[in-house]
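I have placed the structure first, in the form of structure tokens, so that the comments after it can refer back to it.
Residue numbers (the UniProt record's numbering): 1 to 984.
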């Protein structure tokens, strides 16, 4: 099960759009379903009138008619209203242009991708691009001299700017072509001018500018670069995102867009992070100091039931207010005319959309497993949630609060902010009467329904990442809190019961809820695997949903959830039902599987995992059902399915790696025989059994029978040489890389093409070295994403470190980095030949295979709040395949100041820091297997060694390398790194 991430292939659409998929397609259907078709033709005719008043009236009419009326909008769209409105953008009358922009803005919001794509194809960006400098000039004039124009003229410009920015925001999410074209307009300075002048401008265009910038900086390098290039932009955004900006409750009640603006500021900062040094903003821990103190109270600020009750009252009141059905030239209504009830409903929608936005940002925060310092200690930085279950402390063992009995703030692998988010997130997934449209009628208020359902779905996505993070922590204290696990499990099922299983046009959000919820259930199941007692109804629903879904990912999640339920020790019947279902998915003989490769591989892996221990009570099902024979008959079909995986497709390479490993595990699992005479633990993986003969008498014949009792014996992978033909050739005395025991060890790479050093200095050499490493890793069957350890060697630290780091940062990797900068010209270290004028050499160690785990994650970041914090470009340590790779440690304090006292003091400080990191990783100095020491002066070797011996005085002392370098970071005397193993 993977974490929810921002979608790359399809950009997230404007969140204020009301779904209309329940309506029939086609112009004829639109004419039949629209109640205003008689008004369409006069409106289109007047749009071409010679009278400017009539043209303005027609634009206003379009804006009014399409509000919450998708049938009329589709009818207008079929009559080419988009083309007519784009023509009006070049009208000679400014008011006509302003109303045309407003109508196009409403069409963008209500029409979704299709209508935005039509606008782009009809070249709307050409006239819009001319408006940007004009609005910017007028805005500058108004700001410098507020009395230079009457208030109504200023309001017209502000409204035009708001609508213009909203259209550009919607278009940027339409397609990559539209986004590229909008990048060419260079909107960042224009948008930032609104944010910088937010105290002098109406809130509407400022919030629209922030929303547009948030979308533009979402995985869009040109816009990200523009924002990061100006330190004043970053300072402005940081000021907007400060949690203190929304502390005034009265202001929040008056206009909820104040909160929206702060949340957008936080989202933009996260989109453009990591922030470039040496700005003041780069010193701020965004997640800890800005994003979480802002977003946590935001998502806790609403109650779904209370909001629904208020909305129902307003909807009832709205039906008693007079409606504008007829438009006349004498009484031209404003395009933004709203009744009092509509305005209050609009505020409710804004609050819901703000929560949705906060959830979207939090989903990304949880996906990256941030440093776990935020939590109960930051009570003074945020409002305390009203729900008593969210308070800190050990009040009641049965309380929902997951921080009690098992999860405390001093456990680095379980960030406390994640556990504190669970309760409000679970509350946000509970549907109300307005969450979905009725089956036989439209929603009484589509915008509220759309916003509520969006909050539910986004909260589930965030929960998916929360429980994936908790499952990755592998802390027994969490699994021991079964009461909390069962309550959360039942709460999710309660939400699904309220959602129902109805399908059809207009009910797509119900389907979305189920698809996202299955991922959450899988995460919960992994956290409390073996402790969740299965329910017959739940099992049946999961099997039905798995069979009904056409999405391989959803099928895989259903199978993973069922696998967790099957491992409840005493639920033998449930185990049998689930296992029989998994067996039914396997290929047999000439018959292929009924599911795609990904869910098939998950089913095979699940069967191996469920029956890996013969001592479990439910293992009787394996013997009675003769599952071993059925697994044997599936081997060939599994092999064919694995072979048919297309590596060229997105995710194909990763799927093939997973599938190959599961197939190997299946064969090894089958080869390890089960015996009724002994109770041994059945392992799986690359295993060769050790067979010992045992002679017994047959009970019936009395004849001697020789049996072979098998005991597992691990077979280590043999060493393999990696050859990348497109990479620089190695010298005869070493290889480009070696694969062994699931790791790839890459040789040092310098910035050369062949044996010729590239020109352009340290940055060109760094880039060339990294590109060569990428080629070698590709030939090894892995990528930079899987790198767990990096060693970088520079000949001149003071000159080259910052320049090298800029290139390194381009890859945005945060893996373990050791940088003993600047080598003595008289020596050799790890094969570096100092006769060449190399400025950079990089060594990579990476994990070559993905294990079949819930997240497909092969490395885990380690963070110790007690140790010195790492710089943004690396982690304190990385865990992979049972090893802990600890970064280089220098004897400095948390403020990057070296301790005074010389080599002994620095050595002790470095080792103490390393000890804290190892503890956070779940290991200790006793389990260190290799130490690398870099010294500025080997004459101090004996003094360093005295301190070192105090820490490594065990019998099995680790292997060690100690070398002299020219200079170390902070001009330190010593830097120490290590590799340790996790205790079994």
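All C-beta atoms, glycine included, are put in the ideal place defined by N, C-alpha and C.
Residue i versus residue j: straight-line alpha-carbon distance, rounded
i	j	result
residue 111	residue 73	8 Å
residue 978	residue 888	8 Å
residue 156	residue 163	11 Å
residue 930	residue 923	14 Å
residue 952	residue 879	22 Å
residue 907	residue 270	37 Å
residue 745	residue 738	5 Å
residue 284	residue 866	18 Å
residue 539	residue 776	46 Å
residue 651	residue 871	31 Å
residue 508	residue 655	28 Å
residue 298	residue 434	21 Å
residue 974	residue 807	26 Å
residue 96	residue 54	9 Å
residue 921	residue 862	6 Å
residue 501	residue 515	12 Å
residue 631	residue 661	16 Å
residue 353	residue 65	24 Å
residue 783	residue 653	10 Å
residue 755	residue 728	8 Å
residue 266	residue 241	5 Å
residue 591	residue 227	56 Å
residue 101	residue 89	7 Å
residue 759	residue 780	28 Å
Given residue i as reference, the closest of the options once Cα atoms are compared
i	options	result
residue 787	796, 794, 749 and 885	885
residue 762	522, 789 and 795	795
residue 563	65, 651, 608 and 547	608
residue 902	738, 878 and 935	935
residue 439	104, 545, 506 and 159	506
residue 291	278, 237 and 350	237
residue 550	89, 588, 205 and 596	596
residue 280	964, 940 and 235	235
residue 553	602, 537 and 593	602
residue 559	914, 586 and 89	586
residue 617	494, 208 and 575	575
residue 932	100, 791 and 186	791
residue 93	82, 317, 57 and 64	57
residue 965	980, 939 and 182	939
residue 188	204, 202, 160 and 221	221
Neighbour flag for residue i against chain D, beta carbons, 8 Å
i	result
residue 770	Checking the listed chains, one finds no chain D in this structure; it contains a single protein chain.
Residue i, enclosing beta strand (DSSP E) - first and last residue
i	result
residue 720	720 to 722
residue 889	883 to 890
residue 964	959 to 964
residue 505	Premise fails: residue 505 is in no beta strand (DSSP E) and is neither H nor E.
residue 789	787 to 794
Residues bridged to residue i [DSSP beta-bridge criterion]
i	result
residue 898	892
residue 981	883
residue 862	877
residue 757	752
residue 588	591
Residue i - containing alpha helix (DSSP H), residue span
i	result
residue 878	Residue 878 -> not in any alpha helix (DSSP H); beta strand (DSSP E) instead, spanning 877 to 880.
residue 573	572 to 585
residue 45	40 to 47
residue 445	Residue 445 -> no alpha helix (DSSP H), and no H or E assigned at all.
residue 552	552 to 566
residue 195	188 to 196
residue 618	Premise fails: residue 618 is in no alpha helix (DSSP H) and is neither H nor E.
residue 361	340 to 367
residue 299	292 to 299
residue 239	231 to 241
Heavy atom of the ligand GTP within 7 Å of residue i beta-carbon
i	result
residue 227	The model on display carries no ligand, and the ligand GTP is accordingly not part of it.
Worksheet entry | Residue ranges of each alpha helix (DSSP H) within the stretch 915 to 978, 4 or longer | For the stretch 915 to 978, whole alpha helix (DSSP H) runs of length 4 or above, ordered along the chain, are 941 to 951.
Practice prompt. Go through the stretch 95 to 159 residue by residue and report every complete run of the alpha helix (DSSP H) that reaches 4 residues or more, in order.
Written response: Runs of the alpha helix (DSSP H) inside the stretch 95 to 159: 125 to 144.
Discussion item. Going residue by residue through the stretch 470 to 496, where are the continuous alpha helix (DSSP H) segments of at least 4 residues, counting only ones entirely within it?
Written reply: You should have 476 to 480.
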